Amino acid sequence: MAPVPQRLPGTLQLMSWNVAAINNNPFEYWLTHGDPDYAKLMEDVEKFVEAPGDLDVPVKEVFTPSMYDSLSKLMTEQGWDGEAACTAAWEKLSERKIISEFLKDAELGNKRLMSMPDRFSNTIDVEGGGSVFRPSVISSFSGDMGSLDAWWSCWTNFFFTTKIDLPGKGKRLPCSLLKKIPRAKYPALTEEEEAMSQRLQTVCLAVFDAILVHMLTQLSPGGKWLALKRQILQALVSDKESKLIAIFKGPYATTDLFFLQEVRTEQVTSVLPAALGDKYVVVGPPITSKANQNSCMLLSKACFDPASITDLTKEAMALQPSNGAQAADGDLVVVSATDLSGQKLLLASFHGDTDGLATATVLAAVHALATTRPEEALIFGLDANTYVKAKPGKQAGAAEFIADFKVKGYGSNYGDKPLVECLTTSNARTYLQPQLQKACKASDKQAKGDFNPKDYLLFSAAKFELIESGKDNTGQRAYTEGMVVPTFDWPSDHGCIFATLKLVAPVAV
Numbered sequence: 057m058a059p060v061p062q063r064l065p066g067t068l069q070l071m072s073w074n075v076a077a078i079n080n081n082p083f084e085y086w087l088t089h090g091d092p093d094y095a096k097l098m099e100d101v102e103k104f105v106e107a108p109g110d111l112d113v114p115v116k117e118v119f120t121p122s123m124y125d126s127l128s129k130l131m132t133e134q135g136w137d138g139e140a141a142c143t144a145a146w147e148k149l150s151e152r153k154i155i156s157e158f159l160k161d162a163e164l165g166n167k168r169l170m171s172m173p174d175r176f177s178n179t180i181d182v183e184g185g186g187s188v189f190r191p192s193v194i195s196s197f198s199g200d201m202g203s204l205d206a207w208w209s210c211w212t213n214f215f216f217t218t219k220i221d222l223p224g225k226g227k228r229l230p231c232s233l234l235k236k237i238p239r240a241k242y243p244a245l246t247e248e249e250e251a252m253s254q255r256l257q258t259v260c261l262a263v264f265d266a267i268l269v270h271m272l273t274q275l276s277p278g279g280k281w282l283a284l285k286r287q288i289l290q291a292l293v294s295d296k297e298s299k300l301i302a303i304f305k306g307p308y309a310t311t312d313l314f315f316l317q318e319v320r321t322e323q324v325t326s327v328l329p330a331a332l333g334d335k336y337v338v339v340g341p342p343i344t345s346k347a348n349q350n351s352c353m354l355l356s357k358a359c360f361d362p363a364s365i366t367d368l369t370k371e372a373m374a375l376q377p378s379n380g381a382q383a384a385d386g387d388l389v390v391v392s393a394t395d396l397s398g399q400k401l402l403l404a405s406f407h408g409d410t411d412g413l414a415t416a417t418v419l420a421a422v423h424a425l426a427t428t429r430p431e432e433a434l435i436f437g438l439d440a441n442t443y444v445k446a447k448p449g450k451q452a453g454a455a456e457f458i459a460d461f462k463v464k465g466y467g468s469n470y471g472d473k474p475l476v477e478c479l480t481t482s483n484a485r486t487y488l489q490p491q492l493q494k495a496c497k498a499s500d501k502q503a504k505g506d507f508n509p510k511d512y513l514l515f516s517a518a519k520f521e522l523i524e525s526g527k528d529n530t531g532q533r534a535y536t537e538g539m540v541v542p543t544f545d546w547p548s549d550h551g552c553i554f555a556t557l558k559l560v561a562p563v564a565v
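Following our numbering from start to finish, the sequence shown increments by one per residue and tops out at 565.
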């Protein structure tokens, strides 16, 4: 365990971290894994998809006509429209090759015929806490998928047999969560496909899941892939919260202010207060995120007066320029607080959208709020989702963001370091996920993966001096450049950043 830093008089110790909401697909990103069988499996999947050769068999040899017939009957029992039309579509799909003409078919992706039902069925939260998972290679399901027959029995039972208790909705079959896909939103769909889209998406999802099970049982006939999946689920799902808490209590035990992003609502309301409430006030957003990914802050009771904490999130949200992308509920939390010496601070935590398009908007809003409260020095921890090589008009550029906050009078934990020293994400997608266009070959992880400076600690440059700073993706207050995360020790796809600030100018009180 890394040594806990000693506290310097008159300073504030900060940490900002996107802890990453639990990833529904344990195989989606390349991991740093100690078992060489993991890397071999991922590379074998890559070869299977890139050059399947004779393994590129017709769909009907994997998802058989008898499997379709049983599925069609189950869908008819649900009263879904389009039986004849769907069967005609199936007969065409069944002749396609599993890789070149199904998994790699961009048109199926444009129609959302796998990604939409996956979104609603991969992980389903249930009343009273916990989740259930669709039997799939790309979900957190850990049951029997050692053969297609075993998987198919689990899959049909999941969708059509066992009702689950949905929060506020009562007991329902998971198949009822699959709604028609609107052509107005996804114009690649034909009118006929829209009309039968409940059936068609269910068939396409079943074929997709079957192909993945088939592929892994071919590549790992001894079932090692299942053992690897269960290891990953244990490390990154079951043990994730305990690892987060251990990091907070270990190398960051003297931290005065934590700025966290992508925190599950249950963690904000229950887990963090239970684990850290003796030392910290946990401040979440006034309206939580529908996506279950919230920004929050932890304020040390040894440093701040809990009674002084005043929520200003609504005021900040209202100041967002109308001509920019807007933050969603739960993405931003802003408070004022007074430390025990009487100094007043404006504190904010923010999680940007994937492309960072709302980041400039939110920075403008927080800055506008700060200008109305000149007695308060600003500290702002955020996942800005900025990119070294941003797509013009489609992504936020890191250089542009840095120039923006400097013009507004803010410094950062990086000082004047070059962008290459400010990278906080280091991840790359595998071939075991629905969006194959985003997959990275093993040899291309660094060239095509997400290696970007996304996380920042901003502060009023005229009021604070940066004493010390760093970043961490090991849990040892150290950062291994180029190492893909998560790892079995680091349960997030972001590194954290930390800094020590010292107030250098008196603040009016």
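Glycine included, every Cβ here is placed at the ideal spot set by N, Cα and C.
Predicted model, so just to flag it, every value in this text is computed and none were measured.
{"Asked": "Residue 340, buried or exposed, once every other Cβ within 10 Å from all chains shown has been counted against 16", "Found": "buried"}
{"Asked": "Pairwise C-alpha distance: residue 384 and residue 344", "Found": "9 Å"}
{"Asked": "Cβ neighbours of residue 67 in the same chain (closer than 7 Å, five flanking residues each side left out)", "Found": "523, 556, 557 and 558"}
{"Asked": "Beta-ladder partner(s) of residue 503, from DSSP", "Found": "Paired residue(s): none; residue 503 is not in a bridge."}
{"Asked": "Cross-strand partners of residue 528 (DSSP beta bridge)", "Found": "552"}
{"Asked": "Cβ pair residue 441, residue 412 closer than 9 Å", "Found": "yes"}
{"Asked": "Simplified DSSP assignment, three categories, for residue 470", "Found": "coil"}
{"Asked": "For residue 103 and residue 548, the rounded distance between their alpha carbons", "Found": "27 Å"}
{"Asked": "Beta-carbon gap between residue 426 and residue 525 smaller than 9 Å", "Found": "no"}
{"Asked": "Residue 83 vs residue 194 beta-carbon contact at 9 Å", "Found": "yes"}
{"Asked": "Residue 373 in three-state terms, based on DSSP", "Found": "helix"}
{"Asked": "Residue 512, enclosing beta strand (DSSP E) - first and last residue", "Found": "511-516"}
{"Asked": "Burial state of residue 565 (16 or more Cβ within 10 Å)", "Found": "Caution applies to residue 565, whose pLDDT of 45 falls short of 50 and renders its modelled position unreliable; the value that the coordinates give is listed next. Per the 10 Å Cβ criterion, exposed."}
{"Asked": "Exposure label - residue 269; buried when at least 16 CB within 10 Å", "Found": "buried"}
{"Asked": "Residue 259 in three-state terms, based on DSSP", "Found": "helix"}
{"Asked": "Alpha carbon of residue 65 to alpha carbon of residue 294, nearest angstrom", "Found": "39 Å"}
{"Asked": "Residues near residue 91 in its chain [Cβ-Cβ closer than 8 Å; skip 5 each side]", "Found": "284 and 287"}
{"Asked": "CB of residue 159 within 9 Å of CB of residue 267, strictly", "Found": "yes"}
{"Asked": "Contact the stretch 271-285 vs the stretch 188-204: 3+ CB pairs below 8 Å", "Found": "yes"}
{"Asked": "Start-to-end residues for the alpha helix (DSSP H) that takes in residue 86", "Found": "Per DSSP, residue 86 belongs to no alpha helix (DSSP H) and is neither H nor E."}
{"Asked": "The stretch 322-336 / the stretch 403-419 touching (three or more Cβ pairs under 8 Å)", "Found": "no"}
{"Asked": "The stretch 125-138 contacting the stretch 210-219, beta-carbon criterion three pairs below 8 Å", "Found": "yes"}
{"Asked": "Supposed contact pair residue 312 and residue 352 - C-beta distance, whole angstroms, cut 8 Å", "Found": "The Cβ separation is near 15 Å, so there is no contact."}
{"Asked": "Bridge-paired residues (DSSP) for residue 73", "Found": "316"}
{"Asked": "Beta-bridge pairing of residue 353 - partner residues as DSSP gives them", "Found": "315 and 339"}
{"Asked": "Residues that residue 360 bridges to, as DSSP identifies them", "Found": "395"}
{"Asked": "Which residues DSSP lists as bridging residue 275, in chain order", "Found": "Beta-bridge pairing links residue 275 to no other residue."}
{"Asked": "Between the CA atoms of residue 172 and residue 244 - distance to the nearest angstrom", "Found": "14 Å"}
{"Asked": "Inside the stretch 87-141 only - alpha helix (DSSP H) runs reaching at least 4 residues", "Found": "92-106 and 121-133"}
{"Asked": "Separation of residue 73 from residue 449, as counted between CA atoms", "Found": "26 Å"}
{"Asked": "Nonlocal neighbours in the same chain, by C-beta distance under 6 Å from residue 560, ignoring five residues either side", "Found": "521"}
{"Asked": "Expected contact under 8 Å - CB spacing of residue 418 and residue 406 to nearest Å", "Found": "5 Å"}
{"Asked": "Rounded C-alpha distance that separates residue 265 from residue 488", "Found": "10 Å"}
{"Asked": "Closest by C-alpha distance to residue 598, when choosing among 514, 454 and 486", "Found": "Summary: the structure shown does not reach residue 598, with the chain confined to residues 57 through 565, and so no result is reported for it."}
{"Asked": "Residue of 355, 148 and 370 minimising C-alpha distance to residue 342", "Found": "370"}
{"Asked": "Coil, strand or helix - residue 405 by DSSP", "Found": "strand"}
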